[in-house]
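These notes are about the structure you will find just below.
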Amino acid sequence: MSKTSYSWSRSVVARLVIVIAVIWLLPVIMVVLASLKSSQDFSTSGFLDLPTEIAWKNFEMFFGGINIGQKILNSFTISLGAVFISLVVAFPVAYAVSVGKHRLRPVVITLSVLIFLLPVESVAFPIYLLSKITGQYGSIGFLIMPLGIIGSAFAVFLLANVMNHIPSSLAEAAEIDGANKWQVMWKVVLPLMTPTVLTVALLLFVNNWNEYLLTLLLLPDSESQTVPLAISMVNYGQFGGAPGELIAAASVLAALPSLLVFLFFQRTLVRGITAGTQ
Amino acid sequence: MSTSQRTRGYGWFLYPGLSVLVVFFFGMFSWNVGISLLKWPGYGPAKWVGFDNFRIIFENKDFWESWSHAAWYVVPFSLLPTIIGLVLAVASYDAFIGRFGPALVSVARTGFFLPQIVPIAVSGMIWMWMLNGSGGALNSLLEAVGLGSLQQEWLREPDTALIAVSVFMLWLQTGFAYVVFLSGLSRLDPSILEASQLDGANWAQRLRWITGPSLRPETFVVLLFLTIGALKVFAPVFYLTGGGPYGSTTSPATFAIDSFFGGASVGIGSALVTTLALIIGAVLGITFLIVKLRARAVSSDE
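Those sequence lines, one after another, are chains A and B.
Quick note on numbering: my numbering labels position 16 of the first sequence as 24, and the sequence is numbered without any gaps.
Quick note on numbering: my numbering labels position 194 of the second sequence as 231, and the sequence is numbered without any gaps.
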């Protein structure tokens with residue numbers, strides 16, 4: 009008897025959670041629907057009505073007018089380049105303080121937490137000045153450097169946390185077999201850490217793809233602009249107060265890569281975020 | 038002895054990366070502190086003015102207003118997401134175990150976590166569009182359910198704009214808390230919960246005595262990260278209202294960035310971000326001190 013009433017309440021709770029989750033998704037659902045409507049359709053239909061016919065032309069104009077292809081390439085170059093720098097800087101540090109049990113471990117962990125919790129704004133202006141002084145203002149290559157270094161603080165923290173679970177006997181055994189520390193890192197530790205490295209890379213990629221402040225400061229030309237910022241200009245800038253269906257199409261385009269990464273790697277990403285809090 | 042020998046020689050791996058981090062970050066940070074002591078338009082000659090910039094900002098009421106907003110933003114950016122995320126995670130854990138299964142958890146997780154993945158430049162645009170006074174989704178919805186009299190220019194009135202930014206923050210951050218708590222719950226031994234259910238503990242009692250206490254480490258980390266995030270919040274404000282209307286939604290960070298690029302002196306902007314960083318540093322320092330002291334108190338009790 010009590011068992012039935014219990015599972016009844018359980019199914020109510022389950023439904024409630026799903027309903028709230030769908031409400032949470034509503035803004036995104038509305039935008040996807042709107043992006044597929046013709047301008048006629050958009051102005052007459054409700055926000056949750058399906059489009060009468062799919063208007064791909066909303067998307068087409070971004071490939072002509074603001075040359076979204078170039079921006080996608082810029083975003084990929086910046087995001088991937090910065091991820092690469094973060095990993096190259098962070099992995100050996102994490103290796104030294106985890107497998108190597110280096111005595112500076114507490115200092116390194118504290119520093120990396122401090123750096124990724126402090127506001128980027130507190131270093132943004134000097135980075136901007138540095139780009140001016142070195143004549144690199146507006147260069148995509150220059151932007152990759154600070155993004156990569158700031159990301160490496162987060163990478164050190166997460167990699168060092170997970171790598172600490174690798175038993176030191178593994179490294180010892182490899183060293184007894186004559187491997188040096190460099191080989192242990194490449195041939196023993198890296199293969200074991202591949203899933204974590206992938207997680208960190210994905211998290212940093214999404215972060216870099218969505219970055220706004222340094223990108224806004226350092227890349228003034230529309231040629232070198234990234235996707236999210238170019239797209240947000242649709243609302244303020246050259247299309248000032250653009251029609252809703254175009255704003256919606258722009259939003260979908262700009263969010264797409266991050267969304268795809270999320271949908272395909274949901275588990276990996278979530279594991280990474282929670283590893284950072286344990 | 039053998040351990041200390043084995044752990045020698047890792048400096049080659051540690052110091053290059055560590056010095057890149059330290060030199061870069063503290064170099065840039067000290068440079069920023071240096072600029073905050075100058076009267077300088079950002080080009081040409083600069084004049085040393087000591088702590089004058091700090092005196093100027095402390096006398097500016099817009100500065101205090103941005104901090105009063107920051108204190109307010111802790112609620113929708115940190116406290117509410119933590120509470121709602123915790124309740125939702127415990128509810129999901131209770132309800133989905135067994136016959137509902139992992140597929141539903143994944144639906145819920147996608148729903149709550151998606152706002153963390155969409156670029157804020159984009160989600161800000163989406164919300165602007167929803168909250169638009171003429172023909173926005175929210176006003177149309179109010180119309181449709183017969184509450185047409187509540188229609189507003191949501192982002193153009195100071196009071197409603199602050200509420201709009203707050204709701205946007207809640208929408209953004211709840212997923213982070215939810216995901217962290219959900220994974221914390223997966224550590225729990227299901228048999229304890231089963232036993233408590235057999236003993237007749239209801240949902241709230243289990244939250245109070247079992248699931249809640251066992252999530253204490255996660256609660257600490259989520260609250261700390263989100264509170265710091267609230268104090269330094271930039272993008273949600275910048276992309277939804279830009280700090281307006283009439284400065285009614287500014288945060289310390291948007292106020293600082295405006296001062297850098299709209300104002301006469303970058304020294305003022307630097308002083309503002311230096312203050313922000315110092316306050317965050319102080320919050321972190323105090324938190325770690327409390328954690329240390331409590332840990333010591335607990336170990337001396339035993």
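Note that CB positions come from ideal geometry on N, CA and C, so glycine has one too.
CA nearest to the CA of residue i, picked from the options
{"i": "LYS195(A)", "options": "SER120(A), ALA209(A), THR207(A), LEU178(A)", "result": "LEU178(A)"}
{"i": "LEU315(B)", "options": "SER232(A), HIS110(A), LYS109(A), PRO127(A)", "result": "PRO127(A)"}
{"i": "ILE86(A)", "options": "ASN216(A), GLY54(A), ILE281(A)", "result": "ASN216(A)"}
{"i": "HIS106(B)", "options": "LEU244(B), TYR52(B), THR211(B), ALA267(B)", "result": "ALA267(B)"}
{"i": "PHE50(A)", "options": "GLY122(B), ALA198(B), ALA174(B), PHE149(B)", "result": "ALA174(B)"}
{"i": "VAL127(B)", "options": "ALA83(B), GLN242(B), VAL310(B), ASP99(B)", "result": "GLN242(B)"}
{"i": "ALA214(B)", "options": "TRP190(A), ILE281(A), GLY77(A)", "result": "ILE281(A)"}
{"i": "VAL192(B)", "options": "ILE317(B), ARG45(B), THR278(B)", "result": "With the sequence shown as reference, residue 192(B) is identified as Leu, and Val is not the correct amino acid for it. Ranking the options by Cα distance to LEU192(B), first place goes to THR278(B)."}
{"i": "GLY306(B)", "options": "VAL60(B), PHE61(B), SER56(B), TRP77(B)", "result": "TRP77(B)"}
{"i": "SER46(A)", "options": "ILE28(A), VAL25(A), GLU68(A)", "result": "GLU68(A)"}
{"i": "MET65(B)", "options": "ILE317(B), ILE327(B), THR311(B), ARG331(B)", "result": "THR311(B)"}
{"i": "LEU198(A)", "options": "LEU137(A), ILE158(A), LEU225(A), VAL101(A)", "result": "VAL101(A)"}
{"i": "ARG45(B)", "options": "MET193(A), ALA104(A), VAL192(A)", "result": "ALA104(A)"}
{"i": "SER17(A)", "options": "ALA132(B), ALA334(B), ALA308(B), LEU225(B)", "result": "ALA132(B)"}
{"i": "SER103(B)", "options": "PRO156(B), GLY172(B), LEU309(B), GLY81(B)", "result": "LEU309(B)"}
{"i": "MET165(B)", "options": "PRO118(B), PHE100(B), ALA198(B)", "result": "ALA198(B)"}
Residue range of the alpha helix (DSSP H) that includes residue i
{"i": "ASN69(B)", "result": "48-72"}
{"i": "ILE94(B)", "result": "89-95"}
{"i": "THR223(A)", "result": "221-226"}
{"i": "VAL101(A)", "result": "76-106"}
{"i": "VAL131(A)", "result": "129-141"}
{"i": "GLN48(A)", "result": "47-52"}
{"i": "LEU183(A)", "result": "Looking at the sequence provided, one finds Glu at residue 183(A) rather than Leu. That run of the alpha helix (DSSP H) goes 176-184."}
{"i": "GLN242(B)", "result": "240-243"}
{"i": "GLU61(A)", "result": "First-last for GLU61(A): undefined, no H or E at that position."}
{"i": "GLY8(A)", "result": "One cannot answer for residue 8(A) here, as it falls past the ends of chain A, which runs 9 to 286."}
{"i": "TRP164(B)", "result": "157-168"}
{"i": "TYR215(B)", "result": "195-222"}
{"i": "GLY299(B)", "result": "289-299"}
Contact list for residue i against chain B, beta-carbon separation under 9 Å
{"i": "LYS189(A)", "result": "GLY46, TYR47, TRP49, PHE50"}
{"i": "TYR220(A)", "result": "PRO156, ILE157, ALA158, PHE271, ALA272, PHE275, TYR276"}
{"i": "GLN274(A)", "result": "SER143, ARG146, THR147, PHE150"}
The ligand PLP heavy atom lying under 7 Å from the CB of residue i
{"i": "VAL57(B)", "result": "In the structure on display, the ligand PLP does not appear, and there are no ligands present to speak of."}
Classification of residue i by the beta-carbon crowding that lies within 10 angstroms, buried from 16 upward
{"i": "SER259(A)", "result": "buried"}
{"i": "ALA132(A)", "result": "buried"}
{"i": "THR202(A)", "result": "exposed"}
{"i": "ASP57(A)", "result": "exposed"}
{"i": "SER336(B)", "result": "exposed"}
{"i": "ASN218(A)", "result": "buried"}
{"i": "VAL303(B)", "result": "buried"}
{"i": "TYR47(B)", "result": "buried"}
{"i": "PHE208(A)", "result": "One detail in the question is off: residue 208(A) reads as Val in this sequence, not Phe. It is buried - the Cβ of VAL208(A) has at least 16 other Cβ atoms within 10 Å."}
{"i": "ASP295(B)", "result": "buried"}
{"i": "ASN188(A)", "result": "exposed"}
{"i": "VAL235(A)", "result": "buried"}
Interface partners of residue i on chain A, CB under 8 Å
{"i": "ASN69(B)", "result": "SER130, VAL131, PHE133, PRO134"}
{"i": "VAL303(B)", "result": "PHE133"}
{"i": "VAL216(B)", "result": "VAL278, ILE281, THR282"}
Residue i versus residue j - alpha carbon distance
{"i": "ILE323(B)", "j": "LYS269(B)", "result": "17 Å"}
{"i": "ARG111(A)", "j": "PHE165(A)", "result": "16 Å"}
{"i": "LEU33(A)", "j": "LEU151(B)", "result": "8 Å"}
{"i": "TRP68(B)", "j": "VAL111(B)", "result": "29 Å"}
{"i": "PHE50(B)", "j": "SER19(A)", "result": "53 Å"}
{"i": "SER288(B)", "j": "VAL274(B)", "result": "7 Å"}
{"i": "LEU119(A)", "j": "ARG113(A)", "result": "10 Å"}
{"i": "ILE76(A)", "j": "GLU96(B)", "result": "46 Å"}
{"i": "PHE84(A)", "j": "GLY146(A)", "result": "17 Å"}
{"i": "THR142(A)", "j": "LEU227(A)", "result": "15 Å"}
{"i": "SER266(A)", "j": "LEU235(B)", "result": "44 Å"}
{"i": "ILE94(B)", "j": "THR256(B)", "result": "35 Å"}
{"i": "LEU210(A)", "j": "ALA98(A)", "result": "15 Å"}
{"i": "PHE247(A)", "j": "LYS79(A)", "result": "Reliability of the predicted coordinates at PHE247(A) is poor, the pLDDT of 46 falling under 50, and no value is obtained from them."}
{"i": "ILE317(B)", "j": "ILE265(B)", "result": "7 Å"}
{"i": "SER130(A)", "j": "PHE91(B)", "result": "15 Å"}
Contact set between residue i and chain B, taken where Cβ atoms lie within less than 8 Å
{"i": "TRP32(A)", "result": "GLY148, PHE149, LEU151, PRO152, TRP208, THR211, GLY212"}
{"i": "TRP217(A)", "result": "PRO156"}
Chain-ordered chain A contacts of residue i [CB-CB under 7 Å]
{"i": "TRP166(B)", "result": "GLY252, ILE255"}
{"i": "SER288(B)", "result": "By Cβ distance, chain A contributes nothing, its closest Cβ being about 10 Å from SER288(B), past 7 Å."}
{"i": "ASP226(B)", "result": "Neighbours of ASP226(B) on chain A: none; closest Cβ ~17 Å, over 7 Å."}
{"i": "GLY306(B)", "result": "PHE133"}
Within chain B, partners of residue i - CB distance below 7 Å
{"i": "SER46(A)", "result": "The contacting residues do not exist; SER46(A) stays about 16 Å from chain B at best."}
{"i": "TYR103(A)", "result": "PHE50"}
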